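Before any comments, here is the structure.
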Amino acid sequence: MQTITQSNPQMDIQLFADAFKKKGKLLYRWNRRAIHKLAREISPAYRDFVNRLLSNNKLLIDRYSGGECRPIEYGEIYSLKKRCKNKIKVDFSDPRTFAHELGHSVDFLFGEFNSFSGNIVIYDGKTLNDIFQEEFNNHHKELYEFLMDEYRLNIDANIHKGAYNIFINNMPKYLTLCDTEEPKLRKKLQKELYECGFVEVYYQINTRKCFKVLEQKYIPIMDALSSVYDITGLYLVGHDLEYYMRYSARAAQEFFANVFADKILGNHTRYDNLIKLMPRSFDAFEKLFFMIYERIQNNKRFTDLPIKDTYLDEEVYQDNPEEEEEC
0 MQTITQSNPQ MDIQLFADAF KKKGKLLYRW NRRAIHKLAR EISPAYRDFV
50 NRLLSNNKLL IDRYSGGECR PIEYGEIYSL KKRCKNKIKV DFSDPRTFAH
100 ELGHSVDFLF GEFNSFSGNI VIYDGKTLND IFQEEFNNHH KELYEFLMDE
150 YRLNIDANIH KGAYNIFINN MPKYLTLCDT EEPKLRKKLQ KELYECGFVE
200 VYYQINTRKC FKVLEQKYIP IMDALSSVYD ITGLYLVGHD LEYYMRYSAR
250 AAQEFFANVF ADKILGNHTR YDNLIKLMPR SFDAFEKLFF MIYERIQNNK
300 RFTDLPIKDT YLDEEVYQDN PEEEEEC
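Sequential numbering of the sequence shown, starting at 0, is according to numbering that gives the first Met the number 0.
Encoded structure:
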């Protein structure tokens, strides 16, 4: 059972702000209001935990219009002795992006070669990555069908019956239009998209935010599905297929960051859906999170954690040492 540290909410908010001052006085001065507001978005149960993470002088923070986590040091393979530098760049007005990128920095606390999600044994010799891959590979088709069926019901209810089919069936034409500069082809595609009703449906999906219901419930699953299915243009949260093709453990790393964000922001709706749809992966995350939380809160070393004796796709990072992790 995880023990939550009791703390003073106002003191925690001030400590959060002070941590940013130490990261950079100008950074804090220019973003003071957003930082204080961000502190209040963190679940009171985890403010002290987040403050301890921010106090790590190996963690660098900067302002950015989106979100990314860049490992600056990659660490010694199979070693949890020395923490490594990570830099997160976020828009402080977006709590979830901040929490997501902070999650990446926690996963890479001892470097990407020693990511907690890929290296720490949870049970039966398996890491979070192993457990996630097993469960997701066995069920991604039904998860995709489940999510898209709910998307269909939402679009048809908010626009009109059949709107989803117009949207999905004509998406290839729309993506071709976005990619081509050939005038005759563009004119032809534009005409077809207007006449079939796609343009109006696409506009209404965006205006009425039909995708927001899915975001409130399924972001970790949506992002995981984007590692297998091309969701370009569908307004769904995720990465492109190329991002995931570069490194097999990225899906689990994104899963960790997504669930970590929901954990520290107190988003119980997504938790409830994860328990129902990906119970083994959720349970593995919870066990891993507790291992990290308990050691951070008690200033304990991580050297007692069991490390898997093999690491997948290590050579990818050796070939691309400057590559960044984006939200």
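In this text, a Cβ means the ideal position worked out from N, Cα and C, and glycines have one as well.
Treat the numbers as computed from the prediction; the structure is a model and nothing was measured.
Item	Value
For Arg62, three-class secondary structure by DSSP	strand
Continuous alpha helix (DSSP H) stretch holding Val212: start and end	211-224
Assigned secondary structure, Gln317 (DSSP; H/G/I helix, E/B strand, else coil)	Here the model assigns Gln317 a pLDDT of 39, short of 50, so the residue's position is not dependable, and the following value carries that caveat. Note: Gln317 maps to helix in three-state DSSP.
Of the listed residues Ile165, Asn164, Leu192, Lys160, nearest to Thr175 (C-alpha basis)	Leu192
Span separating the alpha-carbon of Arg269 from that of Leu127	18 Å
Anticipated Cβ contact below 8 Å, Gly66 with Glu40, distance rounded	Rounded, the Cβ-Cβ distance is 15 Å, inconsistent with contact.
Under the three-state DSSP convention, the category Leu278 falls into	First, the amino acid is wrong: residue 278 is Pro here, not Leu. Residue state, collapsed to three classes: helix.
CB contact flag (Asp106, Phe97, <8 Å)	no
Range of the contiguous alpha helix (DSSP H) that encloses Ile12	8-22
Pick from Lys275, Arg151, Ala18, Phe281 that is closest to Phe131, judged by C-alpha positions	Phe281
Range of the contiguous beta strand (DSSP E) that encloses Ile306	Counting along the chain, Ile306 falls outside any beta strand (DSSP E), and DSSP gives it neither H nor E.
Whole-angstrom distance between Lys208 and Lys24, CA atom to CA atom	38 Å
Beta-bridge pairing of Arg245 - partner residues as DSSP gives them	DSSP lists no partner for Arg245.
Three-state secondary structure assigned by DSSP to Glu75	coil
Euclidean distance between Cα positions of Cys177 and Ile204	18 Å
Straight-line Cα distance separating Asn157 from Glu272	Correcting the residue type first, residue 272 is Asn in the shown sequence and not Glu. Rounded to whole angstroms, Asn272 to Asn157 spans 23 Å at the Cα level.
Within 8 Å, strictly: CB atoms of Val212 and Asn153	yes
Straight-line Cα distance separating Lys187 from Ile60	48 Å
Phe327 versus Asn7 - alpha carbon distance	Residue 327 falls outside the range modelled here, since the chain spans only 0 to 326, and no answer is possible.
Which listed residue (Lys86, Lys80, Leu58, Lys275) has its alpha carbon closest to that of Ile69	The question names Ile, yet the displayed sequence has Arg at residue 69. For Arg69, the nearest C-alpha among the options comes from Lys86.
Distance, Ser54 Cα to Asp129 Cα	31 Å
Per DSSP, cross-strand counterpart(s) of Pro70	Asn85
CA-to-CA distance, Pro278 to Glu285, given in whole angstroms	10 Å
Length of the line joining the Cα atoms of His35 and Val120	37 Å
Start-end ranges of the beta strand (DSSP E) lying completely within the region 91-132, minimum 3 residues	120-122
Three-pair Cβ contact test at 8 Å for the region 214-224 versus the region 243-263	yes
Asn297, DSSP secondary structure in three states	coil
Reduced DSSP category for Lys286 - H, G, I as helix; E, B as strand; rest coil	helix
Cβ-Cβ separation, Lys84 to Ile71 (assumed contact under 8 Å), whole Å	4 Å
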